[in-house]
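In the working numbering, the protein residues as written are 0 to 569.
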Ligand code: COA
């Protein structure tokens, strides 16, 4: 079928659904929801047999839903309606939640139901639930709905006809309903409220007596203080006491500002706080916030890096490089780089770079520092002569993050993961992280060029099929971790481990003799210097819009196939 995806943005859910439908032979084109007239035009051009709306912020025009079946993906159980579905479920601590695929009608979220899927709701950030449980359930429900539509004999169920409806109409959750009371709320309540607002809009509160929105909260098991007092800092986060413990706040957004690491947004205030350092890189035995953590299991070392949104600033890259250099000295045969739960890495930290320009410093200089720090980290990984390295992607990865992963000997991705191994969407950025070394070596020159040019997301299955990755591992996060442990132990125990290490060293030496890594880096950085400091400001403009979340004013041509020159309905 020709299926038009109508969406507010090409977010990971839209990417996943588009890729899954395309893999099943459907012809997919994408249009951003910009204005009713633009949607009508897209429908007229593409003449879709079905319209799917994975992520919309407003209603589909009647001119469209009255003539075409439009399937809306709603992140709530059947009967649930309203724009804050997940927020209410998380804040109220419900145990089970779901996704419903329903048909657009005049009343929002109240149309006939085509399919639904449920999941146990963990205590986790809204953004994390959206990227994991919701995406998984949405994929299952949408594929079922599309199949039912295609069969032509399925009658979608009107809400009123359902025997038992647990969901109901809920209003937009306002800040008043999210409000924190530091003199009363225990840590669990504070965490739940901030989790329910994570990603967007955050919880309106204050730090150091200045208003801000809070995001990215983590529990603390040991440290305590006067309820409400900010009592310590560690790297990018600050610690605030509750009535029964304390909670780490990782990110904040100040009025008219952008979302930033808390210790950067409140630089001078945070600097005056006592430090609460951890003892080296080993995973702390106590419950706390630890962005880089090392564990060991017999001959396998595990390096976790839980960076918010997968963004890696210069300082984070430098610390991770130090941790990796330290881990390489451990007596292990295999080193697994686990990244974070939701993201493995999304490359340089665009918000921290943008903040440099807002503070009167140079965004170009900060970009330059950041890409060099990413490259140093990538080089540290490429130069690991004594261990087999594995990048294990439990979460998505984009841009430079994909090529940091590709610097490992093996890349294993969880089956639900999406990869975006390209840079051009960020204002024609050329990219670095030694991609000109690692990508053509894996895929060949032509395939490498087309990956960069076409800028399409890769599912884990597709990434394996084109040999960008080495394995596609089934299961959810915990199952992935168990399977990675099994495979890593097997690698470490293999009788030919010494031969593998010798072959790896030899290959690296051969490659170095043919063309030194320094030469790849110099060539890439020459291009990046032009992106950062040159006459064409595209990268700075694109970064500004990305960080400030400017609404899209058109759909990129590589997504809107129906707008390609010469497009005709087949
Ligand atoms: N720097 C800073 N923030 C980043 C980031 C980066 N490199 N990559 C993603 N983010 C943030 C987004 O702004 C968003 O912030 P929010 O919490 O305020 O909503 C959050 O991470 C999630 O991003 P989103 O785009 O919603 O996630 P997604 O899973 O739907 O899409 C990508 C993933 C990778 C396709 C998309 O985030 C992207 O294009 N990132 C930029 C990658 C890049 O160009 N890096 C620089 C070159 S190396």
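Cβ atoms here follow ideal geometry from the backbone N, Cα and C, with glycine treated the same way. Here the structure is a predicted model, which is why all the values come from computation and not from measurement.
Across the set 198, 545 and 332, the C-alpha of 332 shows the shortest separation from the C-alpha of residue 384. When distances are taken from the beta-carbon of residue 7 to the heavy atoms of the ligand COA, even the shortest one reaches 7 Å or more.
Of 397, 72, 248 and 403, the smallest CA-CA separation from residue 216 is found for 248. Within the region 19-43, not a single complete alpha helix (DSSP H) segment reaches 4 residues in length. The beta carbon of residue 167 is closer than 8 Å to those of 78, 79 and 80 in its chain, skipping five residues each way along the sequence. Under DSSP, the beta-bridge partners assigned to residue 293 are 281 and 302. Residue burial is scored here from C-beta neighbours: residue 553 has fewer than 16 other C-beta atoms within 10 angstroms and is therefore classed as exposed. Non-local C-beta neighbours of residue 85 in its own chain, meaning closer than 8 Å and more than five positions away in sequence, comprise 74, 75, 96, 125, 128, 129, 133 and 195, ordered along the chain. Under the DSSP definition of a beta bridge, residue 100 partners with 72 and 114. Out of 375, 386, 4 and 315, the CA that lies nearest to the CA of residue 496 is found in 386. Annotation for residue 435: the continuous alpha helix (DSSP H) segment containing it runs 434-442. Within the chosen limit of 7 Å, the ligand COA does not reach the beta carbon of residue 293 with any heavy atom. Between the region 387-402 and the region 425-440, the count of C-beta pairs closer than 8 Å reaches three or more; the two stretches touch. Proximity to residue 40 across 569, 561 and 415 peaks at 561, based on C-alpha coordinates. Residue 413: member of the beta strand (DSSP E) spanning 409-413, first to last residue.
Here residue 252 carries a strand assignment [DSSP, helix/strand/coil]. For residue 511, the enclosing alpha helix (DSSP H) has its first and last residue at 496-513. Counting only residues of its own chain and dropping the five nearest sequence neighbours on each side, residue 296 has a CB closer than 7 Å to the CB of 484. In the DSSP assignment, residue 219 falls within the unbroken beta strand (DSSP E) covering 209-219. By the beta-carbon neighbour count (other beta carbons within 10 angstroms, threshold 16), residue 466 is exposed. 69 is the residue among 69, 22, 62 and 24 whose C-alpha sits nearest the C-alpha of residue 5. Note on geometry: alpha-carbon atoms of residue 38 and residue 31 lie some 8 Å from one another. The alpha-carbon of residue 251 is positioned some 5 Å away from that of residue 261.
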